[in-house]
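*Asks:* Heads up: the sequence shown runs through residues 1012 to 1210, numbered per our numbering. The beta-carbon is built from N, C-alpha and C at its ideal position, and this holds for glycine as well.
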Amino acid sequence: MKEEHQLHMLRYTLTEQIVHGMEVSNLAYELGKELSLPQELCYELAVAGIVHDIGKIPLSGYVEGDDTLVVEEMRFVRMHAKLSYELLKDRGYSRFILDSILYHHENMDGSGYPDNLSGEQIPYGARILRICDVYCALTSNRPYRRAFDRDTAIELMIDEIKNFDMEIFIAFQRVVHDHPQREIRLEGIEETIEGELRQ
Ligand SMILES: [Fe+2]
1012 MKEEHQLHML
1022 RYTLTEQIVH
1032 GMEVSNLAYE
1042 LGKELSLPQE
1052 LCYELAVAGI
1062 VHDIGKIPLS
1072 GYVEGDDTLV
1082 VEEMRFVRMH
1092 AKLSYELLKD
1102 RGYSRFILDS
1112 ILYHHENMDG
1122 SGYPDNLSGE
1132 QIPYGARILR
1142 ICDVYCALTS
1152 NRPYRRAFDR
1162 DTAIELMIDE
1172 IKNFDMEIFI
1182 AFQRVVHDHP
1192 QREIRLEGIE
1202 ETIEGELRQ
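#1: Just list the beta strand (DSSP E) runs in the stretch 1092-1159, keeping only unbroken ones of 3 residues or longer that don't cross its boundaries, in chain order.
#2: So P1125 and S1111 are supposed to be a Cβ contact under 8 Å. How far apart are they, rounded?
#3: What would DSSP say about L1070, mapped onto helix, strand or coil?
#4: Mind checking whether L1140 and H1115 have CB atoms under 8 Å apart?
#5: So the alpha helix (DSSP H) S1036 belongs to, where does it begin and stop?
#6: Would you check if there are 3 or more beta carbon pairs closer than 8 Å linking the stretch 1155-1166 to the stretch 1038-1052?
#7: Shorter than 7 Å, the distance from the beta carbon of H1031 to the closest heavy atom of ligand 1, or not?
#8: Is the CB-CB distance between L1109 and E1117 below 8 Å?
#9: Please work out which residues of its chain come closer than 7 Å, Cβ to Cβ, to D1176, disregarding the five sequence neighbours upstream and downstream, and give them in chain order.
#10: CB of D1064 to nearest heavy atom of ligand 1: below 7 Å?
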């Protein structure tokens, strides 16, 4: 991921973080199914998807509204995977879920974080989440850019293919082609709620 994108990663609103978690959760579940994982692991991927970035919430308070902290922000961004893991580790989540969360920013070529793992050292669930996380981020609006469409997002990911597990990436492409409409749109929900309230 480009550095300027990382700089904005901690500036999500809470709503955006929840929506992002839901989108990653749904996609990770479907990708697990496509990869013929047992149902239980597909559910665990869905859980990991919801909470994978929870470590950004305490971090966001340290950087919001302060443009002078750019270098420190980069460091904060890289702390969030470990912090998500630390927040959840003694709360009864499975090893599979915790490993998926802790390592969801590791890259296949060893350039990721927190531990610079590479290839099959990276837990399988984390390799799945990595792909879902990047795709959902690229296909969402951000304060500094509009959402990329599906095909552009996939092209951008192919440019960075060194980051991803090739076998999982091929299955992921099948999932997004079969289910092109996956964004969670709060606008529609808000209109529905208003309609209900007027009645
Ligand atoms: Fe993350």
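*Replies:* Quick answer:
#1: As summarised for the stretch 1092-1159, there are no continuous beta strand (DSSP E) elements at least 3 residues long confined to that stretch.
#2: What you label residue 1125 is simply residue 114 of the sequence shown in a count that begins at 1. What you label residue 1111 is simply residue 100 of the sequence shown in a count that begins at 1. Not really, about 14 Å apart at Cβ, beyond 8 Å.
#3: The count along the sequence shown starts at 1 and reaches residue 1070 at position 59. Looking at L1070 - three-state DSSP - the assignment turns out to be helix.
#4: Reading the sequence shown from its first residue, position 129 is the one you call residue 1140. Reading the sequence shown from its first residue, position 104 is the one you call residue 1115. Contact flag set, yes.
#5: The residue given as residue 1036 occupies position 25 in the sequence shown. For S1036, the enclosing alpha helix (DSSP H) begins and ends at L1025 to E1045.
#6: Taking a cut-off of 8 Å on C-beta distances, the stretch 1155-1166 does not touch the stretch 1038-1052, as fewer than three cross pairs fall below it.
#7: Counting from one through the sequence shown, the residue named residue 1031 turns up at place 20. Not so, every heavy atom of ligand 1 lies at least 7 Å from the Cβ.
#8: In the sequence shown, residue 1109 corresponds to position 98, counting from 1. In the sequence shown, residue 1117 corresponds to position 106, counting from 1. For L1109 and E1117, no; Cβs fall outside 8 Å.
#9: Mapped onto the sequence shown, residue 1176 falls at position 165. The residues are M1119 and R1138.
#10: Translated into positions along the sequence shown, residue 1064 becomes position 53. Yes, Cβ of D1064 sits closer than 7 Å to a heavy atom of ligand 1.
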